[in-house]
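Novice: Residue numbers (my numbering), protein chains in the order written: chain A, 377 to 478; chain B, 245 to 404.
1. Could you tell me how far apart the beta carbons of residue 294(B) and residue 361(B) are, in whole angstroms, since I believe they sit closer than 8 Å?
2. Using 8 Å as the threshold, is the C-beta distance between residue 383(A) and residue 470(A) below it?
3. Does the segment 440 to 455 of chain A touch the segment 251 to 262 of chain B, meaning 3 or more C-beta pairs lie closer than 8 Å?
4. Determine the DSSP secondary structure at residue 384(A), reduced to helix, strand or coil.
5. Report the residues of the segment 430 to 456 of chain A with a CB closer than 8 Å to any CB of chain B, ordered along the chain.
6. Taking residue 475(A) as the reference, give the member of 416(A), 437(A), 377(A) and 412(A) with the closest Cα.
7. Among the candidates 400(A), 379(A) and 423(A), whose CA atom is the shortest distance from the CA of residue 390(A)?
8. Based on DSSP bridge pairs, tell me the residues matched to residue 284(B).
9. Pull up the distance between the alpha-carbon of residue 301(B) and that of residue 292(B), whole angstroms please.
10. Taking only beta carbons into account, state which residues of the segment 316 to 343 of chain B come closer than 9 Å to chain A, listed in chain order.
11. Between the alpha carbons of residue 465(A) and residue 368(B), how many angstroms are there, rounded?
12. Taking C-alpha atoms, which residue in 419(A), 415(A), 428(A) and 413(A) lies nearest to residue 487(A)?
13. What's the gap between the Cα of residue 376(B) and the Cα of residue 321(B)?
Listed below in structure tokens is the structure:
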């Protein structure tokens with residue numbers, strides 16, 4: 377399905393995750409973050425850029441990998457994205473929801 | 245199920261066994277809850293307490309005897325070294341799935357905000373000391389304390 381956000385039309389799935397990363401830009405990220413009650417700081421952006429890079433490189437994401445990333449530790453990840461951090465961060469980053477249990 | 249439209253707000257997991265498959269089940273369920281934005285707490289009781297015992301947590305094994313899913317005759321499962329062998333095989337498979345070993349998993353749970361409680365009765369029975377336990381264990385409490393912590397809407401309890 378399609379929706380309009382930040383003045384642009386994007387393709388999303390039924391859970392609201394973008395299905396075409398190429399459509400993503402920073403203003404969409406800001407708007408998606410606001411919908412999830414998060415105002416993005418430079419630290420948020422560092423984490424978002426890291427997970428986008430992993431996605432582009434086809435590395436599956438997990439909480440464990442985030443903790444080992446050297447970009448952010450697990451504690452801070454939960455502070456930056458308090459409720460369901462991996463789900464929320466990937467949604468804002470415009471990439472699919474990770475299918476990981478850990 | 246009418247309360248909160250059945251929304252799960254907190255998982256209270258009771259781990260009573262120290263076999264690796266049970267410990268992992270408790271850890272994956274607790275971590276999975278946190279990943280979904282659900283609170284999670286683990287009550288370590290009886291043999292489950294070994295999972296947070298610094299000297300024992302590295303030596304946990306899977307059960308090869310009395311575990312029908314091993315598809316191994318009981319007598320074979322009871323041979324010396326069989327548990328260690330099966331455990332080694334399982335750990336190898338789990339590493340492929342990006343599953344951490346017990347000490348690292350405990351750190352992840354602690355950093356993710358999972359509260360951990362040691363059962364006072366089991367703690368006293370095994371003559372453990374506070375310094376024997378993983379630092380992430382919040383406190384040593386009674387079963388009554390644990391029930392008190394389980395009050396509220398949308399709280400689910402799970403016995404492993």
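We treat Cβ as the ideally placed atom computed from N, Cα and C, and that holds for glycine.
Specialist: Here's the rundown:
1. Between residue 361(B) and residue 294(B) the Cβ distance is about 15 Å, and since that is not below 8 Å, they are no contact.
2. Taking C-beta atoms as the reference points, residue 383(A) and residue 470(A) fail to come closer than 8 Å.
3. no
4. strand
5. 436, 438, 439, 440, 441, 443, 449, 450, 451 and 454
6. 437(A)
7. 379(A)
8. 255(B)
9. Answer to the nearest angstrom: the Cα atoms are 10 Å apart.
10. Going along the segment 316 to 343 of chain B in chain order, one finds 341, 342 and 343 with a Cβ nearer than 9 Å to chain A.
11. 43 Å
12. There is simply no residue 487(A) to check, as chain A begins at 377 and stops at 478 in what is shown.
13. 31 Å
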